[in-house]
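According to numbering that gives the first Met the number 0, numbering within the sequence shown proceeds without interruption in unit steps and concludes at 158. We put the beta carbon where it would ideally sit given N, CA and C, even for glycine.
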Amino acid sequence: MGDKEHYVHFSSTSGAGSNNIVVQPLRHGHLNVNLGFLQIHHRYHVEFTVPWNTCVIHPDGNPTVPAIPTGKPNLNCRVIEFVQDRDDLRIKVELFAHVERFLNEEFQITCCEKGAPLTIYLKARIFGKEQGTPILRNGIRRIAIEQDVEEDENEDASD
């Protein structure tokens with residue numbers, strides 16, 4: 000085998016080689032947000048933009064907040080900021096990579112209490128310990144490394 004067969008190659012027209020977070024619409028009211036590769040037990044700030052229309056339900060036409068998190072709380076994925084940008088909504092999320100291999104976290108937002116929710120699925124491949132260091136996509140920043148509880152217990156038992 001030649002050296003070139005050991006590398007992943009992306010077509011320049013596919014966009015797959017881009018270093019940006021990829022937002023893909025699914026059926027109505029659902030979006031996939033592909034984050035690329037992350038590291039197990041790392042905590043990240045993830046910032047991305049989704050299409051967002053100004054809420055027409057508000058009686059005064061001027062909402063105090065551009066969006067509201069709804070649905071059940073998720074300890075591994077929480078929205079920390081919304082910013083309205085013309086026809087888009089910039090969302091900042093704190094994400095914890097708590098499982099190895101494939102991460103699929105979801106959360107919901109709505110324009111107001113009467114609005115239909117938008118479900119957002121955050122998807123990432125997670126490197127395990129000592130499997131390498133991922134190159135983070137634009138809009139992703141590591142903010143902390145959490146200690147692995149099981150690893151600590153194993154070290155304490157061996158002492």
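Among residues of its own chain, excluding the 5 on either side of residue i, which ones have a beta-carbon nearer than 6 Å to its beta-carbon?
{"i": "Glu-99", "result": "Ile-39, Ile-125 and Gly-127"}
Go ahead and label residue i buried or exposed: buried means 16 or more other beta carbons lie within 10 angstroms of its beta carbon, across all protein chains shown.
{"i": "His-27", "result": "exposed"}
{"i": "Ile-144", "result": "exposed"}
{"i": "Ile-142", "result": "exposed"}
{"i": "Ile-134", "result": "exposed"}
{"i": "Gln-107", "result": "buried"}
{"i": "Ala-175", "result": "Past the edges of the chain, shown from 0 to 158, lies residue 175, and the structure says nothing about it."}
Just verifying my parser: in three-state terms, what is the DSSP assignment at residue i?
{"i": "Asn-73", "result": "coil"}
{"i": "Val-78", "result": "strand"}
{"i": "Gln-146", "result": "coil"}
{"i": "Pro-65", "result": "coil"}
{"i": "Glu-105", "result": "strand"}
{"i": "Gln-130", "result": "coil"}
{"i": "Asn-19", "result": "strand"}
{"i": "Arg-26", "result": "coil"}
{"i": "Arg-141", "result": "strand"}
{"i": "Arg-100", "result": "strand"}
How far does the beta strand (DSSP E) with residue i in it extend, from its first residue to its last?
{"i": "Lys-91", "result": "87-95"}
{"i": "Ala-123", "result": "117-126"}
{"i": "Glu-46", "result": "41-50"}
{"i": "His-29", "result": "29-38"}
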